[in-house]
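Enquirer: Residue numbering for the sequence shown follows our numbering, beginning at 37 and increasing consecutively.
Beta carbons are placed, not taken as given, at the ideal position from N, Cα and C, and that holds for glycine.
Have a look at the structure that comes next, please.
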Amino acid sequence: MTKLSDTQLVILSAAAQREDRNVLPLPGSLRGGAAAKVVGALLSRGLIAETTTDSQTKADAALNRIWRNDEDGRAILLHVTDAGFAAIGIEPDGGDG
């Protein structure tokens, strides 16, 4: 099993409970550089992934729903991957292959 920090476990567990697998919102105590560091680690390990939408909604730290915007202004969300489910001991439902 993948070794995860308590914060990573909280993030993945919360996302696993959401029907859309959305990682956001992140815990309220996780802001700025700390949020970027944890998300970066999860992304690099393939436990979460970015999803680009057609929405032009701007990322807003106060709303904590959109991770960032791409160069065309489209909203980018974060979702837990099957590998993320496996890392917390949940059988994936095949949502991301």
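(1) Under 7 Å, do A119 and G76 count as touching if we go by C-beta distance?
(2) Classify A72: buried if its beta carbon has 16 or more other beta carbons within 10 angstroms, exposed otherwise.
(3) So if DSSP puts E86 in a beta bridge, which residue, or which two residues, is it bridged to?
(4) Please report the straight-line C-alpha distance between R67 and F121, rounded to a whole angstrom.
(5) Could you tell me the distance, in whole angstroms, from the CA atom of L62 to the CA atom of D108?
(6) Rounded to the nearest angstrom, what separates L114 and I84 at their Cα positions?
(7) Which runs of the alpha helix (DSSP H) spanning at least 4 residues fall entirely within the stretch 61-109, listed in chain order?
Expert: In short, the structure shows the following:
(1) The criterion of a C-beta distance shorter than 7 Å is not satisfied by A119 and G76.
(2) Label assigned to A72: exposed.
(3) DSSP, once it has assigned bridges, lists L114 as partnering E86.
(4) The straight-line gap from Cα to Cα measures roughly 24 Å.
(5) Taking the straight line joining both Cα atoms gives about 24 Å.
(6) For L114 and I84, the distance between alpha carbons rounds to 7 Å.
(7) Within the stretch 61-109, the complete alpha helix (DSSP H) runs of at least 4 residues are 68-80.
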